[in-house]
Amino acid sequence: MPEALAEPPAIPPDFSLQPSYVRTVFLGPHGLKPGWGLAFYLAIFYPLQFVASRWAWSLELGADGLWSMMLEESGVLLAAVLPALLLAQVEKRPWRVYGLPARQALGKLFWVGVVWGFAAITLLLGAMYGLRVFDAGHFAIHGGRIVKFALFWAVFFLLVGLCEEFLLRGYSQFTLMRAVGFWPSAVLLSCIFGLIHLQNGGEQWMGLLAAAAIGFFFCLTLRRTGSLWFAVGFHAAWDWGETFFYSVPDSGTLFPGHLLKSSFHGPRWLTGGMVGPEGSVLCFVVIGITWAAFAKRYPEVKYPG
Numbered sequence: 012m013p014e015a016l017a018e019p020p021a022i023p024p025d026f027s028l029q030p031s032y033v034r035t036v037f038l039g040p041h042g043l044k045p046g047w048g049l050a051f052y053l054a055i056f057y058p059l060q061f062v063a064s065r066w067a068w069s070l071e072l073g074a075d076g077l078w079s080m081m082l083e084e085s086g087v088l089l090a091a092v093l094p095a096l097l098l099a100q101v102e103k104r105p106w107r108v109y110g111l112p113a114r115q116a117l118g119k120l121f122w123v124g125v126v127w128g129f130a131a132i133t134l135l136l137g138a139m140y141g142l143r144v145f146d147a148g149h150f151a152i153h154g155g156r157i158v159k160f161a162l163f164w165a166v167f168f169l170l171v172g173l174c175e176e177f178l179l180r181g182y183s184q185f186t187l188m189r190a191v192g193f194w195p196s197a198v199l200l201s202c203i204f205g206l207i208h209l210q211n212g213g214e215q216w217m218g219l220l221a222a223a224a225i226g227f228f229f230c231l232t233l234r235r236t237g238s239l240w241f242a243v244g245f246h247a248a249w250d251w252g253e254t255f256f257y258s259v260p261d262s263g264t265l266f267p268g269h270l271l272k273s274s275f276h277g278p279r280w281l282t283g284g285m286v287g288p289e290g291s292v293l294c295f296v297v298i299g300i301t302w303a304a305f306a307k308r309y310p311e312v313k314y315p316g
């Protein structure tokens, strides 16, 4: 009989070619897993936000607190951007995918958003005026103070627009979209956007719903333009028109340094009462009109760019 062939020696597995435990836990086929990305983002954001807020209000920059508000908003914006910059390096992604491409900064899309935002708040308060439930009154400030406060609130609400849009629809939207898709993440983050307005002392449930609806509209603008710059401009102009130009409560707060001594007369469901126009049922009508007009004007999907 022929001699039996000897079995080849067993080759031990090369564990050096196997992914490490850390890579398996944290990394997927497209880089850092979405859940970990959001967890790291929030874990960096919240401590930075806390420090920025405490530091801004510790400086006592004025009895009315306006400059402290400005400094706080600047700090919170940095707290929202810095972890995204760090994670962009970790994930090896270009900054523009998070919705704020630098080459579009304060460009055409931003100013188009400004026009739309101011037109929307004007339509809302114009409707209230036509229904005789809103009165613009007369000037509350005069001369150089008008220019001073107009510029102050313009800068302040630009910071608010940048901060809130990037925090809820920048890195967070892109990362959560990778896990569940664009529109499910848009719904979730818009609801969170509404709920964060609970920190405003005079806010009520109608105002929270309106904030969520406006946030959902901002998701549409991101989807159709591929950028947050339209939403930033719209957000800033809406708040500026509401707070300074038309001088009505903004999410339950009437700030100093407003242009007019305006007032509401009528049922709360129509005027929004102490919440302001965002607490009115008319706000939802305006959001619906704005959504339809925007969807028609920008029919093409461009996100992610």
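Just so you know, the numbering used here puts 191 at position 180 of the sequence shown, and the rest follows in order with no gaps. Idealized CB from N, CA, C, for every residue including glycine.
Would you kindly work out how many angstroms separate the C-alpha atoms of residue i and residue j, rounded to a whole number?
i, j, result
"Leu77", "Trp240", "25 Å"
"Gly284", "Met217", "11 Å"
"Leu271", "Gly181", "35 Å"
"Arg189", "Arg114", "25 Å"
"Gly205", "Gly172", "15 Å"
"Leu135", "Val259", "12 Å"
"Leu111", "Pro267", "31 Å"
"Gly237", "Tyr314", "4 Å"
"Val297", "Ala131", "7 Å"
"Leu59", "Gly155", "36 Å"
"Ser27", "Arg65", "The pLDDT assigned to Ser27 is 49, lower than 50, so where the model puts this residue is not dependable; a value taken from the coordinates is nonetheless given after this. Straight-line Cα distance between these residues: approximately 48 Å."
"Arg308", "Glu71", "46 Å"
"Ala11", "Ser69", "Because residue 11 is not part of the residues shown, which for the chain are 12 to 316, the question remains open."
"Glu176", "Tyr109", "11 Å"
"Phe145", "Phe228", "25 Å"
"Asp25", "Val125", "A caution first: Asp25 carries a pLDDT of 48, below 50, which makes its placement in the model too unreliable to give a value."
"Ala303", "Phe245", "16 Å"
"Leu162", "Trp127", "19 Å"
"Arg279", "Phe168", "26 Å"
"Phe185", "Cys202", "16 Å"
"Thr254", "Pro288", "11 Å"
"Ile152", "Ser79", "22 Å"
"Asp75", "Ala221", "28 Å"
"Trp106", "Phe129", "29 Å"
"Cys174", "Gly73", "23 Å"
"Leu170", "Trp251", "12 Å"
"Pro45", "Ala247", "29 Å"
Mapping the DSSP letters down to three states, classify residue i as helix, strand or coil.
i, result
"Phe163", "helix"
"Leu271", "strand"
"Phe150", "strand"
"Phe177", "helix"
"Phe145", "strand"
"Ala15", "Residue placement at Ala15 cannot be trusted, given a pLDDT of 49 that sits under 50; what the coordinates show is reported in the next sentence. Reduced to three states, the DSSP call for Ala15 is coil."
Measuring CA to CA, which of the options is closest to residue i?
i, options, result
"Val243", "Gly226, Thr254, Ser69, Leu187", "Gly226"
"Leu200", "Arg189, Leu178, Ile298", "Leu178"
"Phe256", "Pro310, Gly148, Leu43", "Gly148"
"Lys320", "Ala304, Arg65, Val312, His269", "Nothing about residue 320 can be read from this structure; the chain reaches only from 12 to 316."
"Pro195", "Leu53, Cys230, Leu82, Val297", "Cys230"
"Arg234", "Phe266, Ser273, Ala306", "Ala306"
"Leu209", "Thr282, Gly263, Leu293", "Gly263"
"Ala99", "Ser64, Leu43, Gly141", "Leu43"
"Thr133", "Glu311, Leu293, Ala303, Val312", "Leu293"
"Pro94", "Phe61, His246, Ile55, Trp127", "Ile55"
"Asp261", "Trp164, Ser183, Gly192, Phe193", "Trp164"
"Ala90", "Tyr52, Gly124, Lys103", "Tyr52"
"Phe121", "Glu311, Pro310, Trp249", "Trp249"
"Gly141", "His276, Trp251, Gly290, Arg104", "His276"
"Asn211", "Ser291, Pro105, Val312, Val286", "Val286"
"Ser273", "Arg107, Val312, Met139", "Met139"
"Leu281", "Ala151, Arg143, Gly86, Glu102", "Arg143"
"Glu83", "Ala116, Pro45, Val62, Asp75", "Val62"
"Ala232", "Ala50, Thr301, Gly192", "Per the sequence shown, residue 232 should be read as Thr rather than Ala. Among Ala50, Thr301, Gly192, the Cα nearest to that of Thr232 belongs to Thr301."
"Val312", "Leu170, Phe193, Val87", "Phe193"
"Ala67", "Tyr57, Gly86, Leu49, Ala50", "Gly86"
"Arg104", "Gly48, Lys119, Ile157, Met81", "Gly48"
"Leu117", "Val101, Met81, Val166, Leu97", "Val166"
For the alpha helix (DSSP H) that residue i lies in, which residues bound it at each end?
i, result
"Lys313", "Counting along the chain, Lys313 falls outside any alpha helix (DSSP H), and DSSP gives it neither H nor E."
"Leu231", "216–236"
"Gln115", "Where Gln115 is concerned, there is no enclosing alpha helix (DSSP H), given that its DSSP letter is neither H nor E."
"Leu293", "292–308"
"Tyr182", "182–191"
"Asp250", "240–251"
"Leu281", "279–282"
inquiry  = List, from N- to C-terminal side, the alpha helix (DSSP H) runs of 4 residues or more that fit wholly inside the stretch 43–110.
reply    = 45–69, 77–102
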